[in-house]
Every structure is written in C-alpha cells, then in structure tokens.
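In order, the protein sequence lines correspond to chains A and B. So for the first sequence, full-length UniProt numbering puts the first residue at 1; every next one is plus one. So for the second sequence, full-length UniProt numbering puts the first residue at 1; every next one is plus one. Even glycine gets a Cβ: it sits at the ideal position worked out from N, Cα and C. The structure under discussion appears below in the form of structure tokens.
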Amino acid sequence: MTMLPLNRRRLLISGSALLAAPLLMRVSPAAAASLTAGFIYVGPRDDFGYNQSHAEGAAALKAMDGITVLEEENVPESNDVVKSMESMIQLDDASLLFPTSFGYYNPFVKETAADYPDVQFRHCGGLWSEADPKNAGSYFGYIGTAQYLSGIVAGHQTKSKRLGFVAAKPIPQVLMNINAFTLGAKSVDPEITTQVIFTGDWAQPVKEAEATNALIDQGADVLTCHVDSPKVFVQTAAGRGAFVCGYHTSQAPLAPEHYLTGAEWNWSTVYKMFAEKALAGGALPNFVRGGLVEGFVKTSPYGPAVSEAARNQTDTVKAEVMKGGFAVIKGPLKDNKGNEVVAAGKAYPETAVELESMDYLVEGVLGSTS
Amino acid sequence: MNADLGLWAVPLAVLGGMLRVSTPFLFVSLGECVTEKSGRINLGLEGTLVFGAMAGYGGAYLTGSPWLGVLAAGLFGVLFGLLHGFLCSLPKVNDIAVGIALMLLGTGLAFFFGKPLIQPAAPMLPAIPLGAWSDVPQVRAALEVSPLFVIGLLIAIALLFVFKRTKIGLVLRMVGDSADAARAMGYPILPVRIGATAFGGFMAGVAGAYLSLYYPGSWNEAISSGQGLIAVALVIFARWNPLACFGAALLFGGAGALGPALQSVGVTEGYYLFYAAPYVLTLLILFFTSSRTKALEGAPRELSITK
Numbered sequence: 001m002t003m004l005p006l007n008r009r010r011l012l013i014s015g016s017a018l019l020a021a022p023l024l025m026r027v028s029p030a031a032a033a034s035l036t037a038g039f040i041y042v043g044p045r046d047d048f049g050y051n052q053s054h055a056e057g058a059a060a061l062k063a064m065d066g067i068t069v070l071e072e073e074n075v076p077e078s079n080d081v082v083k084s085m086e087s088m089i090q091l092d093d094a095s096l097l098f099p100t101s102f103g104y105y106n107p108f109v110k111e112t113a114a115d116y117p118d119v120q121f122r123h124c125g126g127l128w129s130e131a132d133p134k135n136a137g138s139y140f141g142y143i144g145t146a147q148y149l150s151g152i153v154a155g156h157q158t159k160s161k162r163l164g165f166v167a168a169k170p171i172p173q174v175l176m177n178i179n180a181f182t183l184g185a186k187s188v189d190p191e192i193t194t195q196v197i198f199t200g201d202w203a204q205p206v207k208e209a210e211a212t213n214a215l216i217d218q219g220a221d222v223l224t225c226h227v228d229s230p231k232v233f234v235q236t237a238a239g240r241g242a243f244v245c246g247y248h249t250s251q252a253p254l255a256p257e258h259y260l261t262g263a264e265w266n267w268s269t270v271y272k273m274f275a276e277k278a279l280a281g282g283a284l285p286n287f288v289r290g291g292l293v294e295g296f297v298k299t300s301p302y303g304p305a306v307s308e309a310a311r312n313q314t315d316t317v318k319a320e321v322m323k324g325g326f327a328v329i330k331g332p333l334k335d336n337k338g339n340e341v342v343a344a345g346k347a348y349p350e351t352a353v354e355l356e357s358m359d360y361l362v363e364g365v366l367g368s369t370s
Numbered sequence: 001m002n003a004d005l006g007l008w009a010v011p012l013a014v015l016g017g018m019l020r021v022s023t024p025f026l027f028v029s030l031g032e033c034v035t036e037k038s039g040r041i042n043l044g045l046e047g048t049l050v051f052g053a054m055a056g057y058g059g060a061y062l063t064g065s066p067w068l069g070v071l072a073a074g075l076f077g078v079l080f081g082l083l084h085g086f087l088c089s090l091p092k093v094n095d096i097a098v099g100i101a102l103m104l105l106g107t108g109l110a111f112f113f114g115k116p117l118i119q120p121a122a123p124m125l126p127a128i129p130l131g132a133w134s135d136v137p138q139v140r141a142a143l144e145v146s147p148l149f150v151i152g153l154l155i156a157i158a159l160l161f162v163f164k165r166t167k168i169g170l171v172l173r174m175v176g177d178s179a180d181a182a183r184a185m186g187y188p189i190l191p192v193r194i195g196a197t198a199f200g201g202f203m204a205g206v207a208g209a210y211l212s213l214y215y216p217g218s219w220n221e222a223i224s225s226g227q228g229l230i231a232v233a234l235v236i237f238a239r240w241n242p243l244a245c246f247g248a249a250l251l252f253g254g255a256g257a258l259g260p261a262l263q264s265v266g267v268t269e270g271y272y273l274f275y276a277a278p279y280v281l282t283l284l285i286l287f288f289t290s291s292r293t294k295a296l297e298g299a300p301r302e303l304s305i306t307k
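See below:
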C-alpha cells in the first residue's frame with residue numbers, strides 16, 4: 001500500500017533543485033593583480049573577536065592597489081589548512097599567505113613552506129625560529145600592555161573591588177592578559193581582586209555565559225575575557241548590568257552603555273607593511289613583533305561610563321607606555337600562592353622572552369592554572 | 001549591590017543552570033521521544049538544532065519579533081523532519097545513516113545562510129521573573145525563566161497523557177512497537193512515522209531558537225556544541241518517558257553549571273574534571289540502573305537499534 005507517491009526520482013529532482021540554489025550566489029574572484037595574498041581563519045571572520053581582527057587587517061589590504069585578497073574561514077587546525085594553502089597557491093597563484101591561527105604553524109605551515117619555496121608564509125603567533133624555512137615567518141602583538149590599561153579603567157569603575165575574567169585555557173598569553181589586567185586594576189587600588197574562570201576551550205558559548213553569570217553572582221561588577229568570540233560574554237554581562245572591557249576587537253556596538261574600553265589588535269599595520277614590501281619586491285622580515293608603540297595593538301575609545309579620573313590616569317600611563325620600554329611585570333611580584341616570581345628590582349618589558357613561558361597567576365587573582 | 005552568598009552560590013548557580021541550560025535538551029529530547037515512539041531514530045536533530053538557531057535568529061532579526069523567529073525555526077525544523085521522514089520511507093534506507101547525513105547538511109546550510117547574521121543583534125525572547133519575590137539579586141537572576149521552558153514542561157506532561165490515554169498515542173505506539181499489528185488494524189504506517197519525525201524536527205528547531213534568542217542568546221557557529229546529539233541520547237537514558245526526559249534535561253543543565261560555579265567560589269583545581277561531570281553522571285546512573293531483564297523496557301520494538 002502506498003499512501004504517498006514517493007520514489008527516488010522525484011526526491012532527486014526536487015533535492016537537486018534545492019542544492020543548486022547556493023551556486024547562484026557565488027561571485028567570481030577579481031581578475032589577476034600583481035600580488036595575491038591569502039588569509040586563513042580558524043573561525044568565522046565576523047565573530048566580534050580574534051578572526052574579525054584579522055579580517056579587518058585583510059580588509060585594509062583590499063583597499064591597496066595591485067593586491068588581490070583571498071580569504072577562507074572555518075579552517076580547522078589540521079591537515080585541512082595544508083589543503084587550503086595549496087589550493088590558494090595552485091589555483092589562485094597566491095604568493096603571500098597568512099595562516100592566522102596559532103595551531104596552524106607546527107607542522108602544517110612549516111612543511112608547506114618547505115614544499116613551496118617561492119611562496120612567502122607569515123604565521124600569527126610568534127613561533128618562527130632560525131631553524132625553520134626562510135620563506136616562513138611569524139608576527140605577533142604584545143596585547144598584555146593594552147590589557148593593563150583596561151585594568152586601570154576597570155579599577156576605577158569597580159564598586160565591589162571584584163573583577164571577573166572569563167578565560168579559555170591557561171596558556172602563557174592568556175595568563176599574561178589576566179595578570180596584566182589585574183596589575184592595572186591593583187595600581188588603582190591594591191585591594192582589588194580578579195576572579196578568573198576557565199571554560200576549557202576557545203569557543204564555548206554556553207559555558208562562557210554560565211561563567212559570566214557565576215562571576216556576577218559572586219559580586220564581580222567589571223568583567224573582561226579572553227575567548228575567541230567575546231559576543232556572548234559581552235551581551236550576557238551587559239544584560240546583567242555589569243561593565244565590560246573588550247578584547248580582540250571593539251564590542252562597543254553590542255553594549256554601548258556598559259562598554260568601558262578594550263584591548264584590540266591592529267593587524268592592518270602588520271599586513272600593510274608585509275604587502276608594501278612584497279609589492280616593492282623587497283625581502284620580507286621573518287620575525288615581526290610590536291605593541292602599542294608600533295601600532296600592532298590599540299585600545300578602544302572610552303565608553304560613556306568611564307570617569308574623568310579614570311581617563312586621566314589611563315592616558316598618563318599610556319603616554320608613559322608610548323615612550324617605550326614600559327614594564328607591566330616587575331618586581332617585587334608574588335604569585336597567588338605566595339611564591340616570589342619576580343625579584344625586587346627586576347623588570348620585564350613586554351619584549352622580554354621570559355614572559356612567553358608565564359605559568360603563574362599574580363597575587364590578587366583568584367583562580368588556578370590547572 | 002550583590003549579597004555575599006558564600007558557598008550557597010553553588011547550589012543556586014546549579015539551579016539557575018538547570019533553568020537556563022536545560023530547555024534545548026528538553027525540546028530536542030521530547031521531539032525525538034515522539035519520533036522514536038513511532039519506530040524511527042532521527043540522529044540529524046543536531047543539524048536541525050543548529051539550523052533552527054540560525055533561522056530563529058534570522059527570523060527575529062528580519063521581522064523584529066522573536067516569537068516569529070521561534071515559529072520560523074520550528075517550520076524549518078518541520079522541513080528537515082519531513083525530509084528525514086520521506087527519505088527513510090523509501091525502501092531499504094537506513095534511518096541512522098540518513099540522520100547523520102542530515103546532521104551534516106543542517107549544520108552546513110546553517111553556516112552558509114547564517115554568515116550575514118553573526119554581526120547583527122536580533123530582538124531577544126522575554127523572560128518570566130519567577131524570583132521577583134526575592135531581594136537577593138543572585139536569586140532573581142537564577143529564577144529568570146524563559147516562557148519556552150514552561151511550554152516545554154507543559155508539552156512533556158501533555159505527551160505523557162497523549163501516549164497513555166489517547167487514540168493518537170495508541171496508534172503511534174502501535175506503529176512503533178509492531179508495524180505488523182498496525183498494518184493488520186489498517187493504520188497507515190508511513191504517514192504516522194513521517195508525522196512523528198516532522199514533530200521531532202519542529203521541536204529541535206524551536207530548541208535552536210531558544211539557543212540563539214534566549215540563552216546564550218546569539219547566533220554563531222559554535223552555538224550548539226553538540227547539545228542536539230546529547231539530547232538524542234537522553235531519550236534512551238530517559239527510557240522513552242517524556243517526564244523522565246524533563247528530569248534528564250534538568251540534570252544535564254544543572255551539571256553543566258557546576259564547573260563555572262565551583263570556580264567562582266574558589267574551587268579552582270581540576271576544572272576540566274568538573275566539566276566532565278554530566279558525562280560521568282550519565283555513566284554512573286546507567287551503571288546503577290542497568291538490569292539484565294529490563295534493559296529494553298519502554299523501548300519501541302521497531303527501532304533499528306532494538307530490533
């Protein structure tokens with residue numbers, strides 16, 4: 001008994017019509033230019049976060065003459081990135097590649113760079129060393145100092161003397177941000193503490209929202225985060241009436257009243273530098289790093305809630321930073337277990353290599369690295 | 001000003017987590033419960049959930065009404081359910097394989113059409129302030145309940161009644177328990193199964209809309225993180241009983257809130273372990289409730305996993 005006229009042919013006909021729809025929306029890439037640069041992102045490029053910060057840098061290149069920009073998003077940190085790079089090189093003649101996620105480098109970028117010696121690879125994360133292929137390289141920004149400035153603003157804003165930090169994983173860069181944020185706040189009032197919650201991974205929207213709620217329940221009234229996409233964090237915190245400091249890019253449009261300031265990447269500086277050198281036919285540097293001074297990172301404009309006193313102190317410290325050589329991590333400094341981690345009289349400016357193996361949380365941070 | 005709750009914050013956060021996080025589990029598992037009662041398994045609900053999250057967010061953004069968004073998510077869910085239902089009605093088509101294919105199709109289409117929706121902010125669903133009696137802000141925040149949660153509870157009770165006391169429920173269970181008996185009685189098997197799968201799709205779509213329009217309340221590609229798959233497993237865990245589905249959803253919601261809550265009161269060591277709590281809990285419950293004789297009690301006999 002057939003109640004419904006079902007058969008394979010009808011299903012295939014209607015199904016294929018549906019599947020063809022996306023093809024109509026494809027736009028053919030622009031015609032050849034003298035340089036083709038390829039960007040690869042680990043997530044969506046408009047995530048209000050890490051990937052968007054790189055995509056904004058890529059957008060700055062699109063405005064330059066003689067450059068074609070290719071982009072691919074949602075590329076996992078696996079052999080998939082090799083396929084993406086090879087396709088950009090072989091099908092689109094890309095000669096400059098920017099695989100932007102930390103986990104792309106070893107072994108994928110290293111091996112592909114060895115296979116294609118004529119193509120330049122520059123990876124975000126600062127992992128390149130002399131032993132690696134000469135057509136590969138690294139760039140990274142010292143964003144911890146910008147977090148220190150956010151901490152000063154947060155220190156002025158908090159009434160409860162408790163700050164909150166939603167973090168993904170306890171790796172050195174994240175720990176540096178937590179410590180710098182806390183030290184900035186403590187420079188305003190040494191009583192201030194920062195409660196940190198680790199969610200365990202870079203993109204966990206439900207856990208991020210739960211963590212934000214838990215921090216606010218514990219009395220935190222100014223919060224910041226280090227996750228891939230701060231959108232959920234900012235909306236949840238602002239929805240509960242807490243103030244937020246942003247990260248990666250500006251999230252001010254999501255919470256105009258509750259957004260104080262933020263630590264942002266400014267990759268367009270780096271990408272323009274590489275592209276101009278490549279267009280001129282010059283050699284590209286293998287190892288590039290910079291902070292606020294070099295314009296690799298920036299701070300968001302102050303939100304309407306930031307007080308005059310907070311603006312003044314932050315601007316003063318920022319002017320100090322702009323002179324160069326400013327050290328956020330300096331002795332005497334104890335970790336939150338009471339051990340001395342930096343001896344008195346010792347200071348590590350942001351360029352110090354010791355900071356890249358940071359494995360402690362400073363005094364005033366409530367939380368643990370494991 | 002927030003009151004200092006000390007360790008009381010943990011049970012409060014777990015309660016809040018139960019009310020906030022459980023709803024998607026509840027809707028997906030209730031829908032899947034109906035589908036499985038008819039004798040089919042739809043593993044593709046994870047894809048439907050993600051597509052529902054995207055469609056709900058897009059619908060709310062374009063129309064300006066979050067409830068129209070929920071409706072749109074449900075209707076797209078119906079489409080996915082119908083697709084699964086029709087495909088599995090073809091001879092010699094395996095429902096589990098089709099489900100996996102639809103899971104990939106749903107997430108892929110959601111990512112494709114959802115691209116322009118990551119940035120804009122859609123209107124959110126309202127909340128019912130059940131904690132308005134309290135002057136402790138944490139209690140008020142924990143007891144903010146979505147209307148969808150209440151609707152989910154009502155649907156769970158209604159389904160229990162429908163399964164046990166109505167003719168529709170009887171036909172559904174007969175089709176799921178013995179296709180031969182249903183055929184002998186003259187009941188249409190395929191339409192019942194297709195209808196049950198469409199209902200499951202509708203519920204999964206609404207669950208997706210809850211994710212993007214209420215909590216965490218944003219559309220992005222990591223929004224579900226596997227909740228649709230867990231919910232399908234919850235149905236088996238709940239022995240195909242709608243009220244048990246409700247309990248299982250609460251359990252998973254609360255267990256998920258445990259990790260962040262413990263860290264916030266200063267229990268900071270070993271948080272990866274706390275994040276595994278829901279899964280450890282499942283293993284323990286399954287271990288202690290397992291029985292050699294009653295393993296398949298309540299299981300529809302036509303399911304491909306029990307046949």
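Residue i versus residue j - alpha carbon distance
i, j, result
"B:Leu45", "B:Leu71", "17 angstroms"
"A:Val27", "A:Lys346", "Below a pLDDT of 50, predicted positions are generally treated as unreliable, and A:Val27, at 43, falls in that range; the measurement from the model is reported next regardless. Computed Cα separation, rounded: 57 angstroms."
"B:Gln227", "B:Leu125", "20 angstroms"
"A:Lys331", "A:Gly57", "This sequence places Gly at residue 331 of chain A; Lys is not what is there. Using only the alpha carbons, I get a separation of about 36 angstroms."
"A:Val244", "B:Thr48", "33 angstroms"
"A:Met322", "A:Ser129", "28 angstroms"
"A:Leu333", "A:Ala343", "7 angstroms"
"B:Leu213", "B:Val267", "32 angstroms"
"A:Ala177", "B:Ala198", "According to the sequence displayed, residue 177 of chain A carries Asn and not Ala. C-alpha separation (whole angstroms): 48 angstroms."
"A:Ala280", "A:Ser34", "10 angstroms"
"A:Gln251", "A:Val227", "13 angstroms"
"A:Asn213", "B:Val206", "24 angstroms"
"A:Tyr271", "A:Val306", "32 angstroms"
"A:Gly303", "A:Ala154", "12 angstroms"
"A:Ala327", "A:Lys318", "12 angstroms"
"B:Leu159", "A:Ser16", "37 angstroms"
"B:Glu221", "A:His123", "24 angstroms"
"B:Gly114", "B:Tyr57", "9 angstroms"
"A:His258", "A:Val234", "9 angstroms"
DSSP-derived helix/strand/coil call for residue i
i, result
"B:Val232", "helix"
"A:Arg162", "strand"
"A:Ser138", "strand"
"residue 308 of chain B", "Residue 308 of chain B lies beyond the range of chain B shown here (1 to 307); nothing can be said about it."
"A:Pro99", "strand"
"B:Ile41", "coil"
"A:His258", "coil"
"A:Glu210", "helix"
"B:Val145", "strand"
"A:Ala30", "Only weak support is given to the placement of A:Ala30: the predicted model assigns it a pLDDT of 43, under 50, and the value that follows is read from those uncertain coordinates. Note: A:Ala30 maps to coil in three-state DSSP."
"A:Ala347", "strand"
Chain-ordered neighbours of residue i on chain A, where CB pairs are closer than 7 angstroms
i, result
"B:Asn94", "Here the premise fails: no neighbours, minimum Cβ distance about 15 angstroms."
"B:Ile118", "Pro44, Asp46, Asp47"
"B:Ile168", "Under the 7 angstroms cutoff, chain A gives no residues; its nearest Cβ is about 17 angstroms from B:Ile168."
Short CB-CB distance (under 9 angstroms) between residue i and chain B
i, result
"A:Ile67", "no"
"A:Ser250", "no"
"A:Pro205", "yes"
"A:Asp217", "yes"
"A:Leu254", "yes"
"A:Val244", "no"
Contact with chain A by residue i, beta-carbon distance below 9 angstroms
i, result
"B:Ser218", "yes"
"B:Leu153", "no"
"B:Tyr215", "yes"
"B:Glu46", "no"
"B:Val28", "no"
"B:Ile223", "yes"
Residues near residue i by beta carbon distance below 7 angstroms, same chain, minus five either side
i, result
"B:Tyr275", "Gly259"
"B:Gly16", "Ala141, Ala142, Ala257"
"A:Thr314", "Leu149, Ile152, Val153"
Beta-carbon neighbours of residue i, restricted to chain B and to distances below 9 angstroms
i, result
"A:Gly200", "Gly259, Tyr271, Tyr272, Tyr275"
Own chain partners of residue i with C-beta closer than 8 angstroms, once the 5 adjacent residues on each side are dropped
i, result
"B:Val171", "Ala182, Tyr187, Val192"
Within chain A, the residues that residue i reaches when beta carbons sit closer than 9 angstroms
i, result
"B:Thr35", "Ordered by position in chain A, no residue passes the 9 angstroms Cβ test against B:Thr35, which lies about 18 angstroms from the chain."
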